[in-house]
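Encoded as structure tokens, the structure appears first; notes follow it.
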Amino acid sequence: MSGPQKPLELILARNLLTSVTTPAFLVAKDGTLLFYNEGAGALIGRPFEDTGQLDLQEWTRRFGPFDENEEPLSFDELPLTKALREGRPAHDEFSVRSADGEMHRIAASAMPIVGAATGASGVMVIFWPVDEQVAREVTTGRHEVTR
Amino acid sequence: MKVRIWGARGSVPAPGPEMNRYGGNTSCVEVTLAGGERLILDAGTGIRTLGFSLPPDMPRINILLTHLHLDHIQGLMFFPPCFRAESDIRIFGPSSPEASLESRIARYISAPLSPVEVRELPCDVSFLDAPASEWQIGGATIRAEAVTHRGPTLGYRITDGDTTLCYIPDHEPGLGADLAALSEEWISGYNLARDADLLIHDCQYTDEEYPGHEGWGHSPITEAITFARRVGARRTLLFHHDPLHTDGFLDDLHRTARRAWQGLGGDPEQIGIAAERAELTVGATAAETPARPRIAV
Ligand SMILES: [Zn+2]
Ligand SMILES: [Zn+2]
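Protein chains in written order, with the working numbering: chain D, 1 to 147; chain F, 1 to 297.
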């Protein structure tokens with residue numbers, strides 16, 4: 001495909017994520033963070049409108065993920081990388097840092113997005129806080145976004 | 001490039017005295033290229049009457065199907081060239097991992113829905129997946145891409161010299177998206193329609209009707225007009241009329257769409273509405289082609 005437009009399956013994935021409160025990211029096959037929804041924005045403390053698209057280095061530096069000792073996790077170990085590399089769903093638990101520096105333990109499931117015409121074009125990563133209280137707040141839209 | 005409308009109705013044929021001016025036949029558009037070759041866009045019931053107008057010695061007939069909803073293929077079984085041994089017909093359509101284009105169309109052209117089977121047609125007919133990259137038919141470059149509708153659906157971009165036609169009859173680009181605010185890369189159909197000299201686009205509903213039909217795969221006036229504005233279409237032809245919309249209702253819908261376009265800074269003359277048998281000349285040589293709208297996006 002030539003031209004600036006994204007493949008339809010990514011457009012539809014973004015439209016879906018816009019319409020649900022479940023926190024989720026949309027990542028291109030080169031690792032660029034294309035979009036995250038309001039639920040994800042609530043968890044990391046910054047709405048997508050403030051960050052825009054971020055390349056792989058930038059978003060992993062800002063948000064993590066980190067292991068239990070707050071050490072950065074290797075990109076190769078992330079569910080999204082496995083989903084991209086192996087073309088199958090993947091799941092894991094790790095920590096992310098919100099804009100105010102607070103760490104949140106989350107579980108994440110990554111699903112490859114494979115278009116009819118374009119093949120693998122990205123990954124949708126759905127995640128939720130392991131802390132039940134935070135999970136309730138995020139999915140009901142009561143978790144405060146720190147601007 | 002010349003464009004002739006043989007069916008502008010969506011969903012189901014809607015004949016009747018109150019539909020006479022816009023017509024009751026479903027989607028079918030004939031495109032005549034500068035070199036004289038003809039393309040047929042969709043095979044709704046309008047293709048039956050189109051078939052009678054074609055010269056019997058036409059060397060090859062190319063039909064580009066956007067998708068296989070019945071309002072886009074129903075006329076195939078009644079297309080006169082299908083029943084002539086000397087016809088050479090090529091039908092392009094969306095690919096599917098599930099079954100070939102021929103076997104998907106054969107679900108309709110087969111018993112008990114049809115008195116004939118595809119294999120019984122005397123013509124030479126081939127069914128081809130629309131290529132993923134651009135391809136040539138006659139002097140034109142064709143591009144097909146998937147667009148937002150229900151089920152796998154293509155839109156087409158046809159470029160002949162410096163003239164471009166875009167045909168997206170079934171399209172709901174505003175579903176779950178704010179078309180006015182989104183960046184271009186996130187708009188379904190953008191690559192197909194940008195800077196088109198003529199955009200033939202879905203406008204099945206008024207804005208008032210749309211809330212009861214969200215997710216059905218079609219656009220209300222505001223979304224159709226906003227899409228046309230975002231892609232920079234030089235002219236737009238509103239298409240795929242709801243079967244409930246009478247001539248008078250469509251006149252009102254057209255006026256509303258023109259006002260909406262004017263509200264965005266465009267010339268209302270650039271917004272047309274498709275009527276059966278209407279013929280348009282498209283491109284730089286078309287004297288009636290107005291200038292591009294001066295719109296700030
Ligand atoms: Zn239709
Ligand atoms: Zn349809």
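From the three backbone atoms N, C-alpha and C, an ideal C-beta is built for every residue, glycine too.
- Counting only residues whose CB is nearer than 5 Å to a non-hydrogen atom of ligand 2, the list in chain order is F/His69 and F/Asp170.
- Rounded to the nearest angstrom, the gap between the Cα atoms of D/Lys82 and F/Gly212 is 41 Å.
- F/Gln204 has its alpha-carbon roughly 27 Å from the corresponding atom of D/Ala117.
- A direct Cα-to-Cα measurement between F/Pro122 and F/Ala43 gives close to 18 Å.
- The Cβ atoms of F/Ala140 and F/Leu33 sit closer than 7 Å to each other.
- F/Thr159 and F/Leu39 have their C-alpha atoms spaced approximately 12 Å apart.
- Pairwise C-beta distances place the segment 126 to 145 of chain F out of contact with the segment 243 to 252 of chain F, as fewer than three of them are shorter than 8 Å.
- Around the beta carbon of D/Gly87, fewer than 16 other beta carbons lie within 10 angstroms, which makes this residue exposed.
- By the Cβ neighbour-count rule, D/Leu8 is buried, with 16 or more other Cβ atoms within 10 Å of its own.
- In this structure, D/Ile113 and D/Val130 do not form a Cβ contact; the two beta carbons are roughly 25 Å apart against a cut-off of 8 Å.
- Secondary structure of F/Pro94 (DSSP, three-state): coil.
- For D/Ser121, the nearest beta carbon of chain F is not closer than 7 Å to its own beta carbon.
- The straight-line gap separating the alpha-carbon atoms of F/Arg48 and F/Leu113 is approximately 18 Å.
- Your pair F/Leu175 and F/Glu214 checks out as a contact, with CB atoms roughly 7 Å apart and the cut at 8 Å.
- D/Tyr36 and F/Pro220 have their alpha carbons spaced roughly 28 Å apart.
- In this chain, the beta strand (DSSP E) harbouring D/Ala120 covers Gly119 to Pro129.
- Non-local beta-carbon contacts of F/Leu280 in its own chain, meaning distances under 6 Å to residues more than five positions away in sequence, involve Val3 in chain order.
- Closest in alpha carbon position to F/Thr45, among F/Met58, F/Pro55 and F/Pro15, is F/Pro15.
- Per DSSP, reduced to three states, the secondary structure at F/Met19 is helical.
- DSSP, read as helix, strand or coil, puts F/Arg4 in strand.
- Residue ranges of uninterrupted beta strand (DSSP E) with 3 or more members, entirely inside the segment 176 to 219 of chain F and ordered along the chain, are 198 to 202.
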